[in-house]
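Asker: For the sequence shown, counting from 1, position 699 maps to 701 in my numbering; every step adds exactly one. Beta carbons: idealized from backbone N, C-alpha and C, even for Gly.
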Amino acid sequence: MLSPKQFYQQLRQRKVLSTVLAYLIIVWLTLQVVAVVSQLLVLPATVGNIIAISLIAATPLVCYLAWFYQYQQGRIQLFANPDGRPHAMFGSRQVMVLLLIFIFSALLAYQYYLLSRPATPAEPLNLTANSIAVLPFTAKNPTENSPEPTPLKNSPELALLVNSLAEEISSQLGRTPGLTVASANSGQVLSAQQLSVPDIASRLQVASLLTGTINLQDKQLHIRVQLLDGSNGQTLWTNQLQRQLTDVFVLESEIARSVVNALQASLPQDSSLLDLSANASTQSADAYISYLKAREQYRLQTSEAMQQARQLFEQAIGQDPEYALAYVGLADTLLLLSDGSKEFGIIDVDIATGLAKEYLDKALIHAPQLAEAYAIQGKMLELQQQFEPALTAYQKALALNPNLAVAHMWQYLLLKQQGRYAESLVALERAYQLDPVSIAVLYNRGYEQAIRGQFIEANASFNQLLQDFPTSPMGHAGLALTAFHQGHLADSLYHWQQAYHLSPENSYYQQNYRGLLITLNLIELEPDLKTNSLYRSNYLLRIGDTETLFNEMAFYLAARPEDKWLQFEAALYQMLLGHPSKAVDLLLQHHSSFSEDELFAMPMCSPAIEIAWALQQNERKQQADKLLVRCQQHLDAAKQNDLRDSYLNHLAARLAALQGNNELALQQLHQAMAYGWREWWTFYDPILHSIPTKQLAPLRQQLENSLNEQRQLVLARAKQLTPAKQ
């Protein structure tokens, strides 16, 4: 057994080290030749890898052989000891060791070859739909002494940027021709539910997802973005950027442009990011933070949060009077808070639209190609009853950004209001494709299912809305409407009450809740209905106190003689429980002042049908028939969309009665009852008085029985909730 010193002396004597060094030089030269030849002959990289690995793996063999052999006198011969002893023999034992070294080297070479092979390329990303969603960024805020992230509550500015970056990048990507961009709002909701990347991509129906991390230190932003394959979450592309907080808008543009470049192969030829929002942002960090806070409140979608958003948008404008996006946000908030919006109405519509126009004009001066500004402009014009200009504004917004889901949503609502049902459903479907986890989209999609009799699907949509947005009243509002369309008034009342409790300043929920109490004659559950000016007339009508009702209406009419809607309301009361002749006079007094859209408002085609009745009573048949024909056209258009709406059947019954077709009128009344019609005043309607009382009696009894059943159900539930007396 040789000592280390003796072993080293043997290595020198046998020239093992010099031999190995010479071998390695030869290997290096060989690899240089192989590299050149491979390029010239266009050989696969695998050939060079195999040669290199084989030569290097052979080094242990060279070392072993160099121990026994040396190059002397022009030939290779066994090593001779310096003391003159016989040459060392290379016998069977040495051959066996050599074989073991060879096997070990070969295994080592093969293993290294496997590791050195390029990873199997991932399946190409399926971007046939050219689709992407931007998810909220993950906030990283390391302290000076620790690399661990600190809670976001310690960095409110960073918390605000998490969602805002996704929104703004989505908005910019949405302007790219041929690229479908899911709404950032939907991505935010699903990310908060901590779903996996494939699950999020599946629900949003996109092929790729953009996300990343963000770090804010001393007003300096550090961002790392990742493009992920939606099918498996694999990272396809990454990029890192650094900017000052005041340059965040430039940073967002750079990220969007980088993503478009990365996806260029999947987009139509010559597609590029269209920078249409220049000068829309701000150089004021304070104004930007105020804007982010306002957007955070806006996302909550309650009356209370919207008022907070208004104050914060105004604060941002105060900090930078040229901040175009803040003007747009403020105009949007004011319109949603107006009385013309049934979701959040608490501001007079004329005041809201006047202010909104002022703010939108300022925004468009600074950013004339801002798609969001034109969408808000469309909503403003709609509230001002300028429907065609409103549609033009929506089309302008979508021309600038075809992925602007809210513009599709508002377009749907306006088209539906105009009776253009087929077009409206196309717009709603597009809104759902872009923003499938939106409160408004889910609500309206569920509503469309409900009015088509798809009650299981509608309840699923509204329950999904409740699951995604448990603090939003909209899920309960949808369930209330679905129950109402089935005639389940007790369930409808419960859900309206829940919606009202979640947003107590929302007049729409309050009106529906209290309106159902009056329908069910449950005034005792809300005693203030007797004195509340908004409900007193309906209360007096419901209990049959016509003397008080008509006296009070006479007072209101004397105070506002030119109010056409007040005239119409008074006429309705006279039609149901008063004097038909007075109803006729009231209906014909200002009927010419109604616009076309006001006159034929669906689904009841009212006040046109009441005016047609009045004209018939006044023996002006030709004028009445013109109105009835128009109502019939609107009804036929509505029925072409497979609507199962009791209001349409009730309208069909009234039209048939006015046209003298009592058989059809009865048939449509039966259908209306089957579809949930439960209005207590139905058989007080003089339009139906042409039908013999005997034929109406079964339906009248059915209605009374149903209302009584629902009333008792509400009282039983109220009793269960009342603490038992000790």
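Go ahead and label Ile134 buried or exposed: buried means 16 or more other beta carbons lie within 10 angstroms of its beta carbon, across all protein chains shown.
Answerer: Label assigned to Ile134: buried.
Asker: Is Asn508 helix, strand or coil when you go by DSSP?
Answerer: Correct three-state label for Asn508: coil.
Asker: Where does the unbroken alpha helix (DSSP H) through Ala556 begin, and where does it stop?
Answerer: Counting along the chain, the alpha helix (DSSP H) containing Ala556 begins and ends at 548–561.
Asker: Cα separation between Leu109 and Val183?
Answerer: One C-alpha to the other measures close to 51 Å.
Asker: When burial is assigned at 16 or more other CB atoms within 10 Å of the CB, is Leu101 buried or exposed?
Answerer: Under this definition Leu101 is an exposed residue.
Asker: Please report how far the alpha carbon of Gln619 lies from the alpha carbon of Leu504, in whole angstroms.
Answerer: Cα-Cα distance, rounded: 47 Å.
Asker: With a cut-off of 8 Å on the beta carbons, I'd call Arg713 and Asn523 a contact; round off their distance for me.
Answerer: 7 Å between Cβ atoms; contact.
Asker: Quick one: what does DSSP say Ile225 is sitting in, helix, strand or coil?
Answerer: Strand, per DSSP.
Asker: Measuring only the C-alpha atoms, how far is Glu125 from Thr284?
Answerer: Low confidence applies here, because Glu125 scores a pLDDT of 40, under 50, leaving its location unreliable; read the following figure in that light. Distance between the alpha carbons of Glu125 and Thr284 is about 42 Å.
Asker: Classify Asp599 as helix, strand or coil using the three-state DSSP reduction.
Answerer: Here Asp599 sits in helix by DSSP.
Asker: Is DSSP giving Arg432 helix, strand or coil here?
Answerer: Of the three classes helix, strand and coil, the one that applies to Arg432 here is helix, per DSSP.
Asker: Please go through the same chain and pick out, in chain order, the residues whose beta-carbon is closer than 8 Å to the beta-carbon of Ser273, but skip the five residues on each side of it.
Answerer: Here the model assigns Ser273 a pLDDT of 49, short of 50, so the residue's position is not dependable and the matter cannot be decided.
Asker: Taking DSSP as the reference, what is the three-state secondary structure of Ile216?
Answerer: If DSSP states are grouped into helix, strand and coil, Ile216 belongs with the strands.
Asker: Bridge partners of Asn241, per DSSP?
Answerer: Paired residues: Val227.
Asker: Does the Cβ-Cβ distance between Tyr677 and Ser648 come in under 8 Å?
Answerer: Yes, the Cβ-Cβ distance between Tyr677 and Ser648 is below 8 Å.
Asker: For Leu481, which of Gln451, Ser509, Glu507, Pro506 has the nearest alpha-carbon?
Answerer: That would be Gln451, whose Cα lies nearest to the Cα of Leu481.
Asker: With a CB to CB cut of under 7 Å and the five nearest residues on each side skipped, what residues in its chain are close to Leu341?
Answerer: Per the sequence presented here, residue 341 reads as Asp, with Leu not at that position. Gly347, Ile349, Asp350, Val351.
Asker: Out of Leu536, Leu247, Asp220, Thr237, which one is the CA nearest neighbour of Ser2?
Answerer: Outside the displayed range of the chain (3 to 728) lies residue 2, so it cannot be described from this structure.
Asker: Fully enclosed by the segment 357–431, which alpha helix (DSSP H) runs are 4 residues long or longer?
Answerer: List check, alpha helix (DSSP H) in window: 373–385, 389–402, 407–419.
Asker: Is DSSP giving Ile349 helix, strand or coil here?
Answerer: The answer is strand: DSSP assigns Ile349 an E or B state.
Asker: Three Cβ pairs or more, each shorter than 8 Å: is that satisfied between the segment 197–212 and the segment 452–460?
Answerer: No contact exists between the segment 197–212 and the segment 452–460.
Asker: Can you say whether Val18 is buried or exposed, counting buried as having 16 or more other CB atoms within 10 angstroms of its CB?
Answerer: It counts as buried.
Asker: Classify Gly448 as buried or exposed, calling it buried when 16 or more other Cβ atoms lie within 10 Å of its own Cβ.
Answerer: Label assigned to Gly448: buried.
Asker: From Gly580 to Leu559, what distance separates their C-alpha atoms?
Answerer: The alpha-carbon atoms of Gly580 and Leu559 are separated by roughly 16 Å.
Asker: Does the Cβ of Ser474 have 16 or more other Cβ atoms within 10 Å, making it buried, or fewer, making it exposed?
Answerer: It counts as buried.
Asker: What is the rounded straight-line gap between the Cα of Met604 and the Cα of Arg516?
Answerer: The straight-line gap from Cα to Cα measures roughly 23 Å.
Asker: How is the beta strand (DSSP E) around Ser133 delimited, first residue to last?
Answerer: 133–136 is the span of the beta strand (DSSP E), which, as asked, contains Ser133.
Asker: Straight-line CA distance for Val439 to Val136?
Answerer: Distance between the alpha carbons of Val439 and Val136 is about 14 Å.
Asker: Tell whether a beta-carbon distance below 8 Å holds between Glu374 and Leu416.
Answerer: In this structure, Leu416 does not lie closer than 8 Å to Glu374 by Cβ.
Asker: Rounded to a whole number of angstroms, what is the C-alpha to C-alpha distance between Ala296 and Asn241?
Answerer: Distance between the alpha carbons of Ala296 and Asn241 is about 29 Å.
Asker: I'd like the list of long-range same chain contacts for Ala573, defined as Cβ closer than 6 Å, with 5 residues on each side in sequence excluded.
Answerer: Cβ neighbours of Ala573 beyond the five flanking positions: Ala585, Leu588, Leu589.
Asker: Tell me which residue opens and which closes the alpha helix (DSSP H) that Thr178 is part of.
Answerer: Neither: Thr178 is in no alpha helix (DSSP H) and is coded neither H nor E.
Asker: What residue from Thr684, Gly662, Gln661 has the CA that sits closest to His672's CA?
Answerer: Selected option, being the one with the closest Cα: Thr684.
Asker: Tell me the DSSP bridge mates of Thr140?
Answerer: Thr140 pairs with Thr215.
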